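Working notes, beginning with the structure itself.
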Amino acid sequence: MVTYGIDHLAEYKELLSGGRVALVTSVTGRSSGNIPTIDLLGRVCRLTALLGPEHGVRGDQPAGALTGDYVDEATGLPVFSLYSAAGKRLRPEMLDTFDILAYDIQDVGLRFYTFISTLCALVEDCAAAGKRLVVLDRPDPLGGNVVEGGILQDEYRSFVGCRPVPVRYGLTAGEFARMVNEKERLGCDLRVIPCGGWRGEPFPAWGQIWQMPSLGLPTFEGAALYAGVCIFEGTALSEGRGTAAPFRIIGGPGMDGERLVREFAALRLPGAAATPVYFTPAASKHQGTPCGGLMLHVTDFHALRPVELGVELLALFQRLYPEQSAFLPPVEPGRRPFISLLTGCGDFVPGWDKDAILERYARESAVFAREKQAYHLYERV
139 MVTYGIDHLA EYKELLSGGR VALVTSVTGR SSGNIPTIDL LGRVCRLTAL
189 LGPEHGVRGD QPAGALTGDY VDEATGLPVF SLYSAAGKRL RPEMLDTFDI
239 LAYDIQDVGL RFYTFISTLC ALVEDCAAAG KRLVVLDRPD PLGGNVVEGG
289 ILQDEYRSFV GCRPVPVRYG LTAGEFARMV NEKERLGCDL RVIPCGGWRG
339 EPFPAWGQIW QMPSLGLPTF EGAALYAGVC IFEGTALSEG RGTAAPFRII
389 GGPGMDGERL VREFAALRLP GAAATPVYFT PAASKHQGTP CGGLMLHVTD
439 FHALRPVELG VELLALFQRL YPEQSAFLPP VEPGRRPFIS LLTGCGDFVP
489 GWDKDAILER YARESAVFAR EKQAYHLYER V
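The following block contains the structure:
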């Protein structure tokens with residue numbers, strides 16, 4: 139069975155000794171024995187504060203919801219928000235509460251999932267403040283071998299794309315933090331408490347329960363497809379939010395599910411199948427409006443290439459339903475469209491070239507797959 143960094147706390151507790159400790163965590167911060175990291179750290183060190191990313195320390199905040207600071211009822215500890223109107227960085231009042239910062243969050247191995255942006259900011263801020271950062275590592279659920287997507291271009295950096303890496307980057311949080319610290323010569327006193335028994339396998343091989351990293355990813359199947367389906371958040375189509383299968387259902391009002399499934403089958407994309415679905419989202423886009431679409435199913439995760447699938451699906455929807463699947467305009471005038479932030483490039487505009495994009499993705503991901511090996515902490519098989 140694969141184990142998590144928190145499972146090896148006793149072996150590395152000296153990394154958290156000698157000062158006050160604050161913990162950045164989420165609802166996934168639990169041991170293999172299902173004990174919260176908050177409780178385990180409290181037994182071996184002087185835990186003085188909790189810091190919450192998007193979705194909050196307890197996982198009770200919806201996607202994109204800014205939260206304030208408060209006191210945790212279970213522990214009486216102050217909770218500082220790293221996803222607030224005041225910003226997403228370590229503020230002076232946070233830095234005053236700790237000498238060592240611990241980080242324990244299950245990521246999903248995708249560039250636009252904001253936990254990695256929070257972690258990169260912590261590496262920078264701890265380096266600047268002279269604080270130790272200890273990452274309690276967890277494996278990448280999508281595995282550590284396959285890399286997909288194009289490299290994010292600098293002009294499209296945002297909180298859903300903070301570093302020039304592919305969408306699916308094949309690194310653990312500890313490896314990602316190490317890469318940022320070393321490549322950018324930040325000088326952070328970064329320590330990683332490693333996982334045990336992980337050799338690059340995706341989640342189904344871990345022998346662990348799925349702890350949903352956010353409410354939008356209740357299953358591993360949804361997380362696997364999220365790698366490609368997330369780009370639909372930049373369109374007028376529903377990506378399944380407000381249904382029982384977010385990021386597996388795609389569609390919109392008046393769409394013919396049977397037709398979509400026939401057209402999808404003709405693409406012959408590996409590792410995935412689709413069935414027709416008719417749904418009424420309870421939240422998000424098209425809330426309360428009957429919709430038609432397709433529901434995606436993973437038939438072979440090892441063959442699945444979800445980023446390519448997402449691009450092919452987007453091209454399919456825009457061919458069949460161009461008006462209903464149009465790209466959303468920027469949230470505010472002068473800002474970049476969300477589709478550009480999610481994809482990390484300016485290629486997704488009316489008349490975009492699917493084949494040219496996929497060819498670029500293949501070239502750039504191959505380069506990164508070689509480069510990232512310098513930052514591996516675990517042998518891959």
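In the working numbering, the protein residues as written are 139 to 519. Yeah, the Cβ is synthetic: ideal placement off N, Cα and C, and Gly gets one too. Computed from a predicted structure; not experimentally measured.
Run the CB neighbour count on residue i, radius 10 Å, all protein chains shown included, and call it buried at 16 or more, exposed below.
i       : result
Ala-536 : Residue 536 lies beyond the residue range present for the chain, which begins at 139 and ends at 519; the question has no answer from this structure.
Ile-522 : Lying outside 139 to 519, the shown extent of the chain, residue 522 is not represented and no answer is given.
Asn-319 : buried
Ile-238 : buried
Ile-347 : exposed
Glu-152 : exposed
Val-449 : buried
Leu-309 : buried
Val-469 : exposed
Glu-502 : buried
Arg-474 : exposed
Gly-392 : exposed
Pro-351 : buried
Asp-491 : exposed
Leu-188 : buried
Arg-443 : buried
Glu-509 : exposed
Arg-276 : buried
Gly-202 : exposed
Thr-413 : exposed
Thr-126 : This structure cannot settle anything about residue 126, because the visible part of the chain is limited to 139 through 519.
Gln-511 : exposed
His-440 : exposed
Ile-173 : exposed
Spell out the partners DSSP gives residue i in its beta bridges.
i       : result
Thr-373 : Phe-465
Gly-430 : Gly-390 and Tyr-416
Pro-174 : Arg-168
Gly-489 : DSSP, once it has assigned bridges, lists no residue as partnering Gly-489.
Thr-163 : Asp-242
Leu-248 : Arg-306
Arg-158 : Arg-184
Specify the secondary structure class of residue i as computed by DSSP and reduced to three states.
i       : result
Arg-406 : coil
His-435 : strand
Phe-417 : strand
Arg-184 : strand
Gly-281 : coil
Ala-240 : strand
Ala-383 : coil
Val-273 : strand
Thr-481 : helix
Gly-268 : coil
Gly-190 : strand
Ala-441 : coil
Leu-147 : helix
Thr-141 : strand
Leu-363 : helix
Ala-411 : strand
Asp-263 : helix
Ser-503 : helix
Tyr-459 : coil
Ala-494 : helix
Thr-235 : coil
Arg-518 : coil
Val-449 : helix
Ala-203 : coil
Gly-472 : coil
Could you check how far apart the C-beta atoms of residue i and residue j are, in whole angstroms? I think they sit under 8 angstroms.
i       : j       : result
Leu-154 : Gly-190 : The Cβ separation is near 19 angstroms, so there is no contact.
Gly-372 : Gly-338 : Actually they do not touch by this definition, with Cβ atoms about 30 angstroms apart.
Thr-437 : Ala-410 : 6 angstroms
Gly-334 : Val-140 : 7 angstroms
Ala-365 : Glu-286 : 7 angstroms
Phe-253 : Ile-243 : 5 angstroms
Gly-110 : Ile-387 : A query on residue 110 cannot be resolved here, the shown segment of the chain reaching from 139 to 519 and no further.
Gly-197 : Ser-164 : 6 angstroms
Leu-185 : Leu-147 : About 12 angstroms; that fails the 8 angstroms criterion.
Does the Cβ of residue i lie closer than 6 angstroms to at least one heavy atom of the ligand FMN?
i       : result
Gly-448 : Only the bare structure without any ligand can be found here, which leaves the ligand FMN out of the picture.
Whole beta strand (DSSP E) runs in the region 205-229 with 3 or more residues, listed along the chain?
216-219
Enumerated in chain order, which unbroken segments of the alpha helix (DSSP H) with a length of 4 residues or greater are wholly contained in the region 286-360?
311-321
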